[in-house]
Ligand code: PRP
Ligand code: ZN
């Protein structure tokens, strides 16, 4: 039995989806084919358009998929979100021509908005009590205002360079999104077991990405303060140095609070601080 996993063939998430699987130790060849079999783990990778992934997972053509949460919300298919994956962060926003004198969401009343996200956009407009027409198109949304197809757009913004290049300006954020792992809610038996193994690996990769290994030297009298700053996985490791009155402290520190912690450690008297990446981390 093998688990069929759908990922984006070409686009913003393809490369990072593949690297995640590779960091999970799954060996996949990517010879431009539609389907690839991993050689050392019971999964087959299907390369698909991200917009089609929710449907395929709901139908069981694929068992699981990696794609943007934005697409999952738009397609409203029967799929289960198993895991947020921490990459491909973006937002779905409304944008107008740079020179437009925009004065708030009600500006869109009576206007036309081009989007590949009609469902989410429609919910947003209704919630805001705005009466605007939605021009549903399947790609290159950002050119719509320039060619007179619409007054504004509702599209994914990641770095913002697409908007910039097309003379558009982001005016409202509708939602924030990132890559997620979805599954068919009917998975049972062996497939469910493979999915659990995959999730266990994904979590280890994510924990490793979110944490750093830290080593430092400290005078013994500073150890209490330093240990309070470095809770670690259980508690820090403390080893005596050959030089009397000094110890080496080893622990794990969160990526997002990392610089504040380092400042605190230095104030407390830590020296020779080393920070190393973690390859995998099992909690
Ligand atoms: C989105 C969007 C823009 C681009 C914005 O496409 O449609 O083309 O990303 O990114 P930027 O702000 O960094 O310029 P996306 O990759 O989500 O998917 P799609 O091609 O499948 O619509
Ligand atoms: Zn797409």
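Numbering (UniProt numbering), first residue to last: 1 to 283.
Ideal placement from N, C-alpha and C gives every residue a C-beta, glycine not left out.
Everything numeric in this text was worked out from a predicted model, so none of it was measured.
Under the Cβ criterion (8 Å, minimum of three pairs), the segment 46 to 57 does not count as touching the segment 166 to 173.
Beta-bridge annotation (DSSP): residue 271 is paired with 217. If only uninterrupted alpha helix (DSSP H) runs of at least 4 residues are considered, those enclosed by the segment 174 to 249 are 189 to 210, 223 to 229. In this structure, the alpha-carbon of residue 91 lies about 8 Å from that of residue 70. Taking residue 114 as the centre and dropping the five residues before and after it, the same chain places the C-beta of 135, 137, 141, 144, 149, 150, 153 closer than 7 Å to its C-beta, in chain order. A distance of 7 Å or more separates the beta carbons of residue 208 and residue 262. The beta-carbon distance between residue 16 and residue 88, rounded to whole angstroms, is 6 Å. This is short enough to meet the 8 Å contact definition. Ordered by chain, the residues meeting the criterion of a beta-carbon within less than 5 Å of a non-hydrogen atom of the ligand ZN are 50, 51.
For the ligand PRP, a non-hydrogen atom lies closer than 6 Å to the CB of residue 156.
By the C-beta density criterion, residue 8 is buried, having at least 16 other C-beta atoms within 10 angstroms. Taking one beta carbon from each stretch, the segment 116 to 130 and the segment 62 to 79 have 3 or more pairs nearer than 8 Å; the two touch. Checking the DSSP bridge columns, you'll see residue 5 partnered with 45, 64. With contacts defined by Cβ atoms closer than 7 Å, residue 222 and residue 179 do not form a contacting pair. Counting every other CB atom within 10 Å of its CB across the protein chains shown gives residue 191 a total of 16 or more, marking it as buried. Residue 134 sits in a strand when the DSSP states are folded into three classes.
Between residue 108 and residue 132, the CB-CB gap stays under 7 Å. Per DSSP, reduced to three states, the secondary structure at residue 101 is coil, with no helix or strand assignment. The alpha-carbon separation between residue 167 and residue 219 amounts to approximately 58 Å. The C-beta distance from residue 65 to residue 182 rounds to 5 Å, short enough to meet the 8 Å contact threshold.
Per DSSP, the beta-bridge partners of residue 94 are 154, 172.
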